[in-house]
Structure formats: structure tokens, C-alpha cells
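All residue numbers for the sequence shown refer to our numbering, where the first residue is 481 and numbers rise by one.
Have a look at the structure below, then the notes.
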Amino acid sequence: MPPMTTTPPELSGFSIVAGEVRTRRSTTGADAFRAVNPATGAELDPLIHPATDEDIDLACTEAWTAFAHLGVREPREIARFLDAIADQVRGLGALLVATAVAETGLKQARIETERDRTVFTLRMFADLARQAEWMQPAIDTADSSRPTRVRPDLRSCLRPLGPVAVFGASNFPLAYSTAGGDTASALASGCPVIVKGHPAHPATGELVARVVAEAASVEGMPKGVFSYLAAGGRREHAIGERLVLNANVRAVGFTGSFEGGNALAAIAARRPDPIPVFAEMGSTNPIVLLEDALASRSEAIADEIAASVLGSSGQMCTCPGLLFVRRTPAGEQFVAHLADRLGRVDRAIMLSASVRTGYTKRVEQIASVRGVDLRVGETNPPKPDPNLAADAHEPIAVRPALFTTDAATFRENAKLHDEAFGPSALVVLASSDAALLEALGSVQGALAGAIYRTPSDEALCDKVRALLEHRVGRLVFNGVTTGVEVSHAMVHGGPYPATNQPHTSAVGSSAVRRWCRPTCYQNASQRDLPLVLHNENPLGVHRVVNGQPSREGIAGP
Ligand code: NAP
């Protein structure tokens, strides 16, 4: 299908509920706000009108109605919808890229890569929906030959939970936002989606929401299949809370901070019928640099790690925050190289004023711990210039930070274990292998971890690997933790606090399983069953029939 949006749509700043822009009934205006361009500090158009309570409730009611309609759609219809969204997002072209760059301060090349990844993700879930194998169909045919009791005909597969509320993060305005991985995987599973727009990139959110709504209309989807709630300003948090408490919402996908994820999980647990919250949160992503690897190429490794710490101003969930090194000449040399690389950058643009505040507070907190040295960076950064004219603005920027400490100080200070979201890293210099392992054993759950090693490092590497594989979702060898592929084998998850659901992944095809639950049908007739469980196997998928993988149709009742 060719892209439908050839001219830039005029943005309204309002919510889009079940295919309709909610401009008819304005808020009082007191709640309205504007996003800020972090690279200049200037306010941006349009004025954003956060969703009203009525908008939120309507979105949820329409989503529930749509859920029943989606249940009778064939997988290929949902696949076509996802492909249409992918076409439309790509069709937004330079307009989408420029809007996201202005709202986030991220570089154009980074946003283009993220846009491509978002389109790829939508297409991957379209393929997945078409094939329907993700539903894990299993059939145990009735068995009357058993001596004790006749086994009934049992058939099971994954079935969608219902409307999903999606909360994206500020640092991925496309891939973890309006039409990102959570939205794509939830739609693929047959769940309608209500996106709570992120206040840091509202124009980007509305642009994408408009084309998702357009794709839904063109593909004949029920109109409540997708809604977008503009959010932020004085209504910050309130919209998300009301959404999570709505009885028609059956699951929540969250990407963002530890505080935000836990707050929403607590709200969901308070409901009379608690619902699952899949929260992907902050992460320190430990990297262990073993002796021989550093002795052979400490400068090159320092370059790789510096690029990973500084990429997107350190504002990626997989940026390395903790580095474990032996206190040896090679280790010291590595720290000196890394300090040199980070020290060359005097200004890193941050996503928003609140992200900058969070970063500067964390830098001050880490630097205040006895036994920690601030090798690069600053505490008490200069305040905005008071002589600036009222309409003049300053970029939202910080300096990178590098800290060093010893293994015992690290182990004993909880303050050193949390994420510092921004361009910073803490190096733990261990005086022995045992001290290194002990310090490493105290790290929190993380999305990813890495080991730099050579064959000569093998003995210690085995112990490091054994520790790390229980603490991370993805373990990288001789490479950095940043750079997440969208593929079938990818795991983007991990133990708490990286996520609150360590058995799931937010990236890759397995992400679809979060929005479903297994359902079993006993002695059902063909018309009672989902298509994927019919005798003749009309979707042609692999099924487990009486314990054996099979694509064949079966004889049955
Ligand atoms: P954030 O401040 O937690 O915001 C994320 C979303 O949650 C926003 O929509 C925000 O909306 C909402 N929210 C936050 N606190 C809330 C509360 N108490 N009640 C209701 N809603 C709440 O995170 P961010 O600054 O956008 O993103 C940066 C963080 O995301 C970093 O920690 C980063 O590591 C993490 N991240 C993780 C992953 C991953 O895959 N694990 C990926 C990307 C980013 P309102 O502000 O309108 O309430």
C-alpha cells in the first residue's frame, strides 16, 4: 500500500480517540503545555491539551468494544493493519524525523535508525500475526483406550488479554513510543491499544497516532483498536493513573524509569481485579574487563566503551553504567584512556529538563560517597545565566562524568548500585580476582551485561559468566551492551529492577506473549474453537498434536 500522508498533517495538540481528534470540547486551557527543544531550550508548537477524564474513559470503552470485534478477525487482517502502519510511519518521511529531533535533541541519524527499527518491528509482528504459530497451538485428541478414564479432547493456545495501555519512554520517541514494540506486539496478539502519550515528545506522538488511526480506518479495523491520549503538564501522572485503573484495561506495557514503572505497578495492584504491568525500567548494564583483554588492547576497548557511554548522551537503557576492572597497570591505563575520551566532551544535550535534573542529582549523590573519586565531570553545574533575556533560551546540557571506587566501597553503598541515566560510568577497581567477583555478585538485575576477555582470561571468565548470567537478560562477549537487535532470539528483559517480569522480553517476537494467556478448550466443537485449533489446520501452522510437532490436519469430532 502506498503511503497515505503526502502533506504534513496540521497537528492539533489533542488526543485521538477511536479515530477522532478530540478538539470539539477543549479543556479550560490551564492544563495546556508546550514541549521544549532541548538543543535550544525554545518552546515548540503545538500547544498540547492533555486528555480529559472523558477522553480517557471513552478510549477505554471503545477499546473494549473493539476487542470483541478483533477476536473474530483472521490473523492476516491484523497483519495487513500492522503492515499499513509500517508504510504510513515510513511515509511520514523527513517530517517525522525533524519533529522527533526537535523534541528530543537526539541526532538526525539516530532518529532515522530508530524510525527504521520501528518500521522493521511493525513488519516483523505483521509476519508473526500472519503465521499464527506464536499462539503455541497444542491438541491432545480424545483417548478412549486408557484403562482408567477416557481422556477428553483438549486443545489450547494463547489468547489475547484485552485492551493494553502503553506508556513509552522519552529516550525512544519512536521505537518505545506510540507505534513502538509494545503497541506492535499488542496489536499482533489481537489486543487493542491505548497509548499514554509522552509529554517530552507530544508532536511526534500525535504524528504517529494520526497515521495509525488512518491505517486502522483504511484496513477496516474496529475504530477503538487504537487511541492516543495527549498527556503532560499539570495532568502529568493523573492520566496514566486513571488509565491503569479503568476496568476495561487488561494489561499495561511500560518503558521508563524505575520510579514510574513501580508507581504504575502499584496502581494496577490496587485495582479490585489487579492486572499485569510489564515494566521495562532503568538498568546499569555491568561490563567486566578481564586482565589479558585490557593488556592487549586497553585503548581500543576504552574507545568502544566511551562511544557506548556517550551515545545519545548516555540516554539509552543499555548504556554501560558499571565497569569492573582489576587495579593493575593495564586497568589504570584503561581508566586513564576512558577519562581522556569522556573529558573531551564538554556538553551533552539531554532529553528534557527533568532528565537533566535527575542526572545532576545522581552525579552529586555518587560523588558524595566516601571512597568515590570523580575523575571527569562536575558537581554543582553552573545555573542558567540570570542575565539572559526573558525570551532567550539555553540548551539543556550536562557534562559527562566518570567515577572510580574500590570493590568494598561499591559493595557497601546502595547509592552506587542504581542507574545514573545520562553520560556517566562508575569504574570499580578491584585489588584481587576475589574482590572483583564479590563486588560483581552484588550488582542489581540488568538488561544486559558484557565481558571483555581473551583465551588467557578463561578461568576467571567462567566465574564472571556464572555470576552475570543470573543478573542480566543478555550477555555480550567482547562488545558493548548498547545496540539491541530486533529478532526472534533477542531478549530485552532481565531480573528486577531492570524489569518487574523477568520471564519476558520487550524486544523481539517473544514480546507478543506478554499480552496473552493460555486457554484450554475441552470437548469443544469446531465452531467453539479459534481457527488455529480447527481439525483441518486452515492456517497451515505447526502445532503440537498428541505431543508431536505436526502441520497435518487431524481427524476429530
Ligand atoms: P519516566 O519519567 O518514567 O516516564 C515514562 C512514562 O511513565 C511517561 O509516560 C510518564 O508520564 C509515566 N510516568 C512516570 N511516572 C509516573 C507515575 N508516578 N504515575 C503515572 N505515570 C508515570 O521515564 P523517561 O524519562 O521517559 O525515560 C527514561 C528512563 O527509561 C530511563 O530510566 C531509562 O533507562 C528507561 N528506559 C528503559 C528501557 C527498557 O527497555 N528497559 C528503554 C528505554 C528507556 P507522565 O510524565 O506524563 O506521568
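Glycine residues also receive a C-beta, built at the ideal position from the N, C-alpha and C atoms.
From a predicted model like this one, the values you see are computed outputs, not experimental measurements.
Residue i and residue j closer than 9 Å at C-beta
{"i": "Leu-499", "j": "Ala-696", "result": "Residue identity check: residue 499 is Gly in the sequence provided, not Leu. Yes, the pair counts as a contact, with Cβ atoms nearer than the cut-off."}
{"i": "Pro-640", "j": "Ala-543", "result": "no"}
{"i": "Val-1038", "j": "Met-970", "result": "Since the first residue shown for the chain is 481 and the last is 1037, residue 1038 is missing from the structure and cannot be characterised."}
{"i": "Arg-824", "j": "Phe-513", "result": "no"}
{"i": "Pro-862", "j": "Val-878", "result": "no"}
{"i": "Asn-765", "j": "Gly-801", "result": "yes"}
{"i": "Glu-583", "j": "Ala-683", "result": "yes"}
{"i": "Arg-570", "j": "Ala-606", "result": "no"}
{"i": "Ile-876", "j": "Ser-832", "result": "yes"}
{"i": "Leu-638", "j": "Ile-558", "result": "no"}
{"i": "Gly-712", "j": "Phe-901", "result": "no"}
{"i": "Ala-426", "j": "Glu-771", "result": "With the chain running from 481 to 1037 in the structure shown, residue 426 is simply not present."}
{"i": "Arg-821", "j": "Ile-536", "result": "no"}
{"i": "Val-673", "j": "Val-724", "result": "no"}
{"i": "Leu-909", "j": "Asp-886", "result": "yes"}
{"i": "Phe-647", "j": "Gly-733", "result": "yes"}
{"i": "Arg-635", "j": "Leu-1011", "result": "no"}
{"i": "Phe-738", "j": "Pro-982", "result": "no"}
{"i": "Ala-580", "j": "Leu-586", "result": "yes"}
{"i": "Val-923", "j": "Thr-884", "result": "no"}
{"i": "Tyr-708", "j": "Gly-736", "result": "no"}
{"i": "Ala-609", "j": "Leu-562", "result": "yes"}
{"i": "Leu-654", "j": "Arg-603", "result": "no"}
{"i": "Ala-930", "j": "Val-768", "result": "yes"}
{"i": "Met-830", "j": "Pro-518", "result": "yes"}
Burial state of residue i, where buried means 16 or more other Cβ atoms lie within 10 Å
{"i": "Asp-937", "result": "buried"}
{"i": "Cys-797", "result": "buried"}
{"i": "Lys-676", "result": "buried"}
{"i": "Asp-623", "result": "exposed"}
{"i": "Glu-1016", "result": "exposed"}
{"i": "Thr-486", "result": "At Thr-486, the pLDDT of 42 sits below 50, so the modelled position is not reliable; the number obtained from the coordinates is stated separately. When all chains shown are included, Thr-486 counts as exposed."}
{"i": "Ser-669", "result": "buried"}
{"i": "Met-481", "result": "Note on Met-481: pLDDT 37, under 50, position unreliable in the model; the coordinate value appears next. Exposed: under 16 other Cβ atoms inside 10 Å."}
{"i": "Phe-957", "result": "exposed"}
{"i": "Ala-749", "result": "exposed"}
{"i": "Cys-996", "result": "buried"}
{"i": "His-817", "result": "buried"}
{"i": "Ala-1027", "result": "Here residue 1027 is Gly; the residue named in the question, Ala, does not match the sequence. Classification of Gly-1027: exposed, given that the 10 Å Cβ count is below 16."}
{"i": "Thr-859", "result": "exposed"}
{"i": "Ala-680", "result": "buried"}
{"i": "Thr-837", "result": "exposed"}
{"i": "Val-630", "result": "exposed"}
{"i": "His-968", "result": "exposed"}
Any non-hydrogen atom of the ligand NAP within 8 Å of residue i CB
{"i": "Val-944", "result": "no"}
{"i": "His-549", "result": "no"}
{"i": "Phe-758", "result": "no"}
{"i": "Phe-647", "result": "yes"}
{"i": "Ala-683", "result": "no"}
{"i": "Lys-841", "result": "no"}
{"i": "Glu-771", "result": "no"}
{"i": "His-529", "result": "no"}
{"i": "Ser-832", "result": "yes"}
{"i": "Cys-797", "result": "yes"}
{"i": "Ser-763", "result": "yes"}
{"i": "Ile-747", "result": "yes"}
{"i": "Val-835", "result": "yes"}
{"i": "Ala-659", "result": "no"}
{"i": "Gly-740", "result": "yes"}
{"i": "Pro-679", "result": "yes"}
{"i": "Tyr-656", "result": "yes"}
{"i": "Gly-733", "result": "no"}
{"i": "Glu-721", "result": "yes"}
{"i": "Ala-515", "result": "no"}
{"i": "Phe-901", "result": "yes"}
{"i": "Asn-651", "result": "yes"}
Cross-strand partners of residue i (DSSP beta bridge)
{"i": "Gly-733", "result": "Val-646, Phe-758"}
{"i": "Ile-829", "result": "Ala-877"}
{"i": "Pro-640", "result": "Cys-996"}
{"i": "Val-805", "result": "Leu-769, Leu-909"}
{"i": "Lys-676", "result": "Phe-647, Leu-709"}
{"i": "Leu-955", "result": "Gly-929"}
{"i": "Arg-631", "result": "Asp-623"}
{"i": "Phe-513", "result": "Ile-528"}
{"i": "Ala-618", "result": "Ser-636, Val-1024"}
{"i": "Pro-1029", "result": "Val-1024"}
{"i": "Tyr-1001", "result": "Arg-635"}
Test: residue i CB closer than 9 Å to a CB of chain D
{"i": "Val-1025", "result": "Checking the listed chains, one finds no chain D in this structure; it contains a single protein chain."}
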